[in-house]
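According to this note's numbering, the sequence shown holds residues 1 to 57 in order.
Just so you know, even glycine gets a beta-carbon here, dropped at the ideal spot from N, CA and C.
First up is the structure itself, then whatever we jot down about it.
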Amino acid sequence: MQTNIDSKIKERAENVIKEVGLTPTAVINELQEAIKNVPVKKLRTKKEIEDFFNNED
């Protein structure tokens, strides 16, 4: 996978990952496992998307 990330954020993330003795791949794998059972809400309209991001809960 490739993505563009702000270089300062990337550097900070790499430092944290290194400090805890992990690799970026290990972090991604752990995140995938952690969110496996998180419910997914499909947003189909502009209003649903706006409501989702404006929800303060």
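Going by the beta-carbon positions, is the gap between residue 24 and residue 17 smaller than 8 Å?
Cβ atoms of residue 24 and residue 17: closer than 8 Å.
Leaving out five residues before and five after residue 32 in sequence, what residues of the same chain have Cβ atoms less than 8 Å from its Cβ?
none
If you follow the alpha helix (DSSP H) that residue 31 is in, where does it begin and where does it stop?
24-34
Where do the N-terminal and C-terminal ends of the alpha helix (DSSP H) with residue 18 fall, by residue?
7-19
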